[in-house]
Amino acid sequence: MSRITDTDLAQRFGTPTYVYDADLIRTRCHRLKAAFAGSPVDLLYAVKANDNPHVLDIIRREGLGFDTVSFEEALLGIRVGQDPSRIWYTENNMTDEEMTEALDAGVYLNIGSYTRLEAFCRSGHAQRTCSIRVNPAIGDGHHAKVDTGNRDSKFGIRLDLIPAAVELAAAHGVRITGLHLHIGSGIQHPSNLIAAMDRLLETAARIPTLERINFGGGFPIPYREGEAEFALEAFAEQARSRFAQPGITYFFEPGRWIVAPAGHLLTRVNTVKDQGRVTFLGTDTGFNHLLRPALYEAYHAVENASRPAETPTTVYTIAGNICETGDILAEDRRLPETALGDLLRIRDTGAYGMTMASHYNRRPLPAEVLLEEGAPRLIRPRASAESVVESLLTETGYPA
Ligand SMILES: *Cc1c(COP(=O)(O)O)cnc(C)c1O
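Numbering follows this note's numbering, with no gaps: position 135 of the sequence shown is 338.
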């Protein structure tokens with residue numbers, strides 16, 4: 204079957220629209236599983252990268268468990284059919300209510316602070332096992348804002364407090380069955396992850412109740428043209444020799460690596476403006492839909508989908524439609540001479556695109572379309588202007 208073109212998709216579903224490739228998501232799940240095959244490794248998908256239930260369903264059917272970071276994500280995981288025991292809930296400032304609900308739901312708690320561990324131990328809940336997240340004092344990531352493993356980050360329990368945490372648990376009849384780290388997102392130097400893994404394994408060797416050791420996610424993807432790919436298979440080979448403790452299952456929980464390259468954002472140019480030194484292409488989307496460039500100075504390749512055969516001759520800055528100067532999606536990109544109505548493809552936006560989208564400037568969220576063997580399925584329609592306004596009025600209890 205011939206694949207539908209972006210021009211057809213835009214005509215049929217309008218813009219802005221996130222387009223996801225189901226086959227590519229599956230292929231990447233296969234590649235991950237193959238890389239770790241034959242080792243006592245279980246794989247989780249980090250739900251926050253892309254939590255469209257149809258996407259979650261594909262990944263669950265591929266046999267991955269879920270890593271979740273809120274009770275809502277955990278609930279969503281259960282709701283799309285994930286086995287609760289294969290849902291890790293890696294908490295951040297979890298409340299007592301969230302803790303009780305999560306334990307009642309049967310998901311596996313991964314506790315990231317000493318005070319939360321104390322609360323769990325004292326809760327008297329029938330569930331008496333949990334994992335603890337360690338701060339390994341080794342971090343990495345595509346930007347300082349997503350380096351989660353460095354010693355000054357808010358994540359994890361300090362390494363030197365782990366023996367006390369294990370003692371505290373034992374004193375309350377709680378078994379620490381899991382040990383976890385996640386050093387950051389979009390890891391630049393895989394050697395940092397290996398070093399952190401070794402640090403975690405040293406600690407793990409002193410905890411006899413352990414059953415699971417989780418090394419987090421963070422596998423990077425190349426966003427820039429010509430950038431090298433993460434050598435997944437070579438990394439797995441290097442990691443393999445470390446999966447040596449009998450009775451332990453080892454975990455990785457990538458998000459971005461699975462879904463980022465399987466998605467792109469389609470947006471239409473409705474404004475062309477020469478400001479003298481900068482020529483802007485103004486689009487019908489913005490940082491309300493794709494926050495990464497504004498938040499992380501992230502790079503996403505941009506292509507003119509209306510002119511695939513034309514030579515890139517002109518340098519443009521691609522601006523969003525949000526009322527802020529910082530709403531720039533891409534700076535100084537060479538594209539074919541672009542006209543009003545042209546369609547742009549913003550690449551590698553399958554992760555941390557839609558999940559970070561907001562209604563800022565009271566705009567609707569983008570639509571989402573899933574391609575199955577090239578055939579499109581609308582998995583989230585765009586709301587009309589009227590319904591966006593009506594939802595706000597209803598949610599705020601504004602009188603009719
Ligand atoms: C966000 C997150 C991940 C996934 O990170 P990626 O860079 O998308 O692979 C994994 N584990 C935890 C605890 C996270 O917070």
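We treat Cβ as the ideally placed atom computed from N, Cα and C, and that holds for glycine.
DSSP three-state assignment for residue i, whether helix, strand or coil
{"i": "Cys-232", "result": "helix"}
{"i": "Met-204", "result": "For Met-204, the pLDDT reaches just 48, beneath the cut-off of 50, and the residue's location in the model is therefore unreliable, leaving the point undetermined."}
{"i": "Asn-164", "result": "A query on residue 164 cannot be resolved here, the shown segment of the chain reaching from 204 to 603 and no further."}
{"i": "Asp-545", "result": "coil"}
{"i": "Arg-443", "result": "helix"}
{"i": "Val-244", "result": "strand"}
{"i": "Leu-596", "result": "helix"}
{"i": "Thr-303", "result": "helix"}
{"i": "Asp-286", "result": "coil"}
{"i": "Pro-572", "result": "The displayed chain sequence assigns Val, not Pro, to residue 572. Strand."}
{"i": "Tyr-601", "result": "coil"}
{"i": "Leu-468", "result": "strand"}
{"i": "Asp-254", "result": "coil"}
{"i": "Leu-581", "result": "strand"}
{"i": "Asp-209", "result": "helix"}
{"i": "Asp-260", "result": "helix"}
{"i": "Ile-416", "result": "strand"}
{"i": "Gly-450", "result": "coil"}
{"i": "Asn-296", "result": "coil"}
{"i": "Ala-554", "result": "coil"}
Nearest-angstrom beta carbon gap, residue j and residue i [assumed within contact, 8 angstroms]
{"i": "Ala-243", "j": "Tyr-453", "result": "A small fix is needed here, since residue 243 is Pro in this sequence, not Ala. Going by Cβ atoms, the distance from Pro-243 to Tyr-453 rounds to 6 angstroms, so yes, they are a contact pair."}
{"i": "Asp-343", "j": "Leu-413", "result": "Going by Cβ atoms, the distance from Asp-343 to Leu-413 rounds to 24 angstroms, so no, they are not a contact pair."}
{"i": "Thr-406", "j": "Leu-371", "result": "Wrong, their Cβ atoms sit about 15 angstroms apart, outside the cutoff."}
{"i": "Thr-615", "j": "Leu-469", "result": "The shown model of the chain, from 204 to 603, leaves out residue 615, and the question about it has no answer."}
{"i": "Val-472", "j": "Leu-547", "result": "6 angstroms"}
{"i": "Leu-267", "j": "Tyr-248", "result": "5 angstroms"}
{"i": "Leu-538", "j": "Asp-224", "result": "Leu-538 to Asp-224, Cβ: 23 angstroms. No contact."}
{"i": "Asp-535", "j": "Val-518", "result": "6 angstroms"}
{"i": "Ile-360", "j": "Leu-382", "result": "About 10 angstroms; that fails the 8 angstroms criterion."}
{"i": "Met-302", "j": "Ser-326", "result": "7 angstroms"}
{"i": "Val-369", "j": "Cys-324", "result": "In fact, because the Cβ distance is near 11 angstroms, the residues do not count as touching under 8 angstroms."}
Proximity test, residue i beta-carbon vs ligand 1 heavy atom, cut-off 7 angstroms
{"i": "His-233", "result": "no"}
{"i": "His-385", "result": "yes"}
{"i": "Gly-466", "result": "no"}
{"i": "Val-337", "result": "no"}
{"i": "Thr-293", "result": "yes"}
{"i": "Glu-370", "result": "no"}
{"i": "Asp-254", "result": "no"}
{"i": "Arg-459", "result": "yes"}
{"i": "Lys-251", "result": "yes"}
{"i": "Ser-334", "result": "no"}
{"i": "Asp-245", "result": "no"}
{"i": "Glu-456", "result": "yes"}
{"i": "Ala-554", "result": "yes"}
{"i": "Phe-274", "result": "no"}
{"i": "Phe-422", "result": "yes"}
{"i": "Gly-268", "result": "no"}
{"i": "Ser-388", "result": "yes"}
Selection from the options that minimises the alpha carbon distance to residue i
{"i": "Ile-174", "options": "Val-258, Cys-232, Asp-245 and Thr-470", "result": "The chain is shown from 204 up to 603; residue 174 falls before or after that span and cannot be answered."}
{"i": "Leu-227", "options": "Leu-247, Arg-215, Glu-265 and Gln-214", "result": "Glu-265"}
{"i": "Asn-295", "options": "Gly-284, His-562, Arg-480 and Asp-270", "result": "Asp-270"}
{"i": "Gly-450", "options": "Ile-416, Asn-313, Arg-354 and Ala-322", "result": "Ile-416"}
{"i": "Ile-525", "options": "Gly-544, Pro-539, Ala-508 and Ala-497", "result": "Ala-497"}
{"i": "Ala-560", "options": "Leu-235, Tyr-221, Arg-206 and Ala-434", "result": "Tyr-221"}
{"i": "Ala-213", "options": "Thr-517, Gly-429, Arg-580 and Thr-558", "result": "Arg-580"}
{"i": "Ala-447", "options": "Cys-232, Val-505 and Leu-404", "result": "Leu-404"}
{"i": "Ala-431", "options": "Gly-421, Gln-391 and Ala-465", "result": "Gln-391"}
{"i": "Ala-588", "options": "Leu-568, Gly-600, Gly-577 and Glu-576", "result": "Leu-568"}
{"i": "Glu-275", "options": "Asp-260, Glu-304, Ile-262 and Ala-399", "result": "Glu-304"}
{"i": "Arg-234", "options": "Ala-437, Val-310 and Tyr-317", "result": "Ala-437"}
{"i": "Asn-313", "options": "Ile-379, Thr-597 and Ile-262", "result": "Ile-379"}
{"i": "Gly-523", "options": "Asn-564, Ala-586, Asp-286 and Tyr-499", "result": "Asn-564"}
Q) Can you list, in chain order, the stretches of the beta strand (DSSP E) that have 3 or more residues and sit fully within the segment 324-409? A) Listed in chain order, the complete beta strand (DSSP E) runs (minimum 3 residues) inside the segment 324-409 are 332-338 and 378-383.
Q | Every unbroken alpha helix (DSSP H) inside the segment 473-541 [4 residues or more] | A | Fully enclosed alpha helix (DSSP H) runs of 4 or longer: 495-499.
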